[in-house]
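Asker:
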Amino acid sequence: MKTHFNGFRCFACGAEQGADYAGYVCPQCGGNLEVRYDWPRHAPGRWWLEPARRDIFRYQALLPVSRLELASPLRVGQTPLYDAPRLSAATGLKHLLLKDDGQNPSASFKDRAGAVALVRAREIGAQVLCGASTGNAGSSMACLAASVGMPCVIFVPEKAPAAKIAQLLVFGAKVFAVRGTYDDAFDLCMEVCRQRGWFNRNTGHNPFTREGKKTAAIELYEQLGRMPDWVVVPTGDGNIIAGIWKGFQDLKEAGIVARTPKMLCAQSEASQAISAAVWALQQTGQTKPDWAKVQVAAVQATTVADSISVDIPRDGLAAVRAVVESGGAAVAVPDAEILAAIPELARSAGVFAEPAAACAWAGLKKAARDGLVQPDETVVCMLTGNGLKDVASARKVAGEPVALDNNINAALAATENI
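Counting in our numbering, the sequence shown runs from 21 upward without gaps.
1. Quick check on DSSP: helix, strand or coil for S92?
2. Counting C-beta neighbours from all protein chains within 10 Å, is the total for P47 16 or more, i.e. buried, or is it exposed?
3. Rounded to the nearest angstrom, how far is the Cβ of R56 from that of F28, given a contact under 8 Å?
4. What is the DSSP secondary structure of L113, counted as helix, strand or coil?
5. At what residue ranges does the segment 197–222 contain a whole run of the alpha helix (DSSP H), taking only runs of 4 or more?
6. If G256 sits next to P333, beta carbons under 8 Å apart, how far is it from one beta carbon to the other, in whole angstroms?
7. Using only CA atoms, which one of V393, S327, L424 lies nearest to L403?
8. Excluding the five sequence neighbours on either side, which residues of its own chain have a C-beta within less than 7 Å of the C-beta of K416, listed in chain order?
9. What is the DSSP secondary structure of P177, counted as helix, strand or coil?
10. Is it buried or exposed, H62, if we count other Cβ atoms within 10 angstroms and call 16 or more buried?
11. Below 8 Å, how does it come out for the segment 195–203 and the segment 218–230: are there three or more Cβ pairs, yes or no?
12. Do you know offhand how far R279's Cα is from Y202's?
13. What does DSSP give as the partner residues of A349 in its beta bridges?
14. Tell me which residues share the same chain as E273 and place their Cβ nearer than 8 Å to its Cβ, disregarding the 5 neighbours each side in the sequence.
15. When you compare only the Cα positions, how much space is there between S160 and T435?
16. By a C-beta neighbour count over all protein chains shown, 10 Å radius and 16 as the cutoff for buried, is K234 buried or exposed?
17. If you check the beta carbons only, do V371 and Y44 fall under 9 Å apart?
18. Who are S128's beta bridge partners in DSSP?
19. Take the Cβ of P181 as the centre, count every other Cβ of all protein chains shown within 10 Å, and call the residue buried at 16 or more, exposed below.
20. Using only CA atoms, which one of G192, G97, F77 lies nearest to E89?
21. Whose C-alpha, out of P254, Y241, G348, V351, is nearest the C-alpha of A373?
This is the structure we're talking about:
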């Protein structure tokens with residue numbers, strides 16, 4: 021199927037590059053690039069859909085890659101969208117749905133970005149896939165690269181959760197645990213990729229990651245048959261919320277939908293760089309600021325939600341634009357509420373979420389309390405990673421098993437009031 025990809029545009033200065041541009045960022049200002057398309061006009065029917073496929077490449081006509089024989093054989097996308105009536109009752113929201121991207125091959129949303137980036141890497145003849153990660157992006161890279169036999173190198177902060185490191189290693193990636201933060205690992209990875217000539221999959225820096233993540237928006241529209249009013253996204257680097265918003269924008273620009281939802285950025289109070297930038301803009305009343313002048317200030321991130329623990333958001337400007345342009349909002353919640361959201365999701369909806377994913381639910385509750393989200397609005401909560409990614413955090417709030425002697429009388433006594 022033909023791709024309508026025709027170039028890049030800088031998020032900051034607006035400079036444009038052709039589809040043959042081989043760089044990752046804007047050559048004029050160093051800003052992140054977004055992929056642009058020349059959409060067909062008056063195309064018949066559901067031209068954007070390949071009904072025989074059951075993965076993200078079902079939407080290949082809306083993506084910037086064409087050689088799908090180079091894609092991983094693993095199924096990425098088409099994750100379940102659940103009604104959550106018990107959670108709805110607890111918040112007063114009448115139309116609440118959970119999008120469970122923990123069902124992807126490596127158990128996180130990041131597989132969407134990885135699947136498109138992998139095809140792009142192989143299309144241009146790259147020999148090694150490389151990136152920095154707090155765990156999930158790396159797990160995705162390692163998983164997808166292993167499925168096609170491509171070498172994979174990953175830089176992680178030394179304090180990344182053990183379960184995520186185990187995933188990287190079992191998939192056969194070469195893993196470097198950097199003595200420092202995620203941002204340190206990111207910067208080191210950038211320089212190694214530059215000097216080695218490896219394909220750099222780093223979030224935000226590589227515009228094709230955003231294109232993979234936008235498939236969640238297209239999928240939501242197809243599954244719902246309409247647009248929701250709000251989409252809640254746990255946010256760290258900003259690439260996921262920027263990618264989902266890009267998907268909604270592309271659907272509208274291509275003439276497939278008439279309206280787009282509002283984006284709710286959910287962050288930890290201990291890693292709220294993007295939210296702070298949104299709040300600062302909202303205080304000025306600007307809805308169309310000069311984006312070249314908008315800054316996302318670094319923070320000292322300390323949140324327990326490692327997947328969204330970021331000092332310097334690498335796709336921060338795109339994320340702020342997503343919130344502002346959609347007419348959305350940003351909220352930040354304490355880590356205690358994020359941890360409490362893990363058993364709430366599990367016990368009321370049957371979905372085990374890692375801390376970053378649980379932040380979406382905690383953030384939505386705050387938005388509902390603050391009156392940002394109205395009871396009759398349709399809300400989709402993006403759950404971006406499975407709870408098995410970080411069992412240690414779940415154990416802090418899950419409680420303990422009851423010790424029991426090995427005899428029937430003790431068992432009957434212990435179970436009498438259940």
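Glycine is no exception: its CB is placed at the ideal position from the N, C-alpha and C atoms.
Since the structure is predicted, the reported quantities are computational estimates derived from the model, not experimental observations.
Answerer: Per the coordinate set shown:
1. Residue state, collapsed to three classes: coil.
2. Exposed, because fewer than 16 other Cβ atoms sit within 10 Å of the Cβ of P47.
3. The pair is a contact, with the Cβ atoms about 6 Å apart (cut-off 8 Å).
4. L113 falls in the coil class under three-state DSSP.
5. As far as the segment 197–222 is concerned, its whole alpha helix (DSSP H) runs of at least 4 residues are 202–216.
6. Confirmed, about 7 Å.
7. With distances taken between Cα atoms, L403 lies closest to S327.
8. Excluding sequence neighbours, K416 sits near L359.
9. Three-state result, P177: strand.
10. By the C-beta density criterion, H62 is exposed, having fewer than 16 other C-beta atoms within 10 angstroms.
11. Contact fails: fewer than three Cβ-Cβ distances are below 8 Å.
12. Distance from the CA of R279 to the CA of Y202, rounded to the nearest whole angstrom, comes to 37 Å.
13. For A349, which the question treats as bridged, DSSP gives the partners L284.
14. Cβ within range, chain order: Y57, W59.
15. Rounded to whole angstroms, S160 to T435 spans 42 Å at the Cα level.
16. Counting every other CB atom within 10 Å of its CB across the protein chains shown gives K234 a total of 16 or more, marking it as buried.
17. Remark: C-beta atoms of V371 and Y44 do not approach each other more closely than 9 Å.
18. According to DSSP, which records beta bridges pairwise, S128 is partnered with G405.
19. Flag for P181 reads buried.
20. It is F77.
21. Just measuring C-alpha positions, the residue of P254, Y241, G348, V351 sitting nearest A373 is P254.
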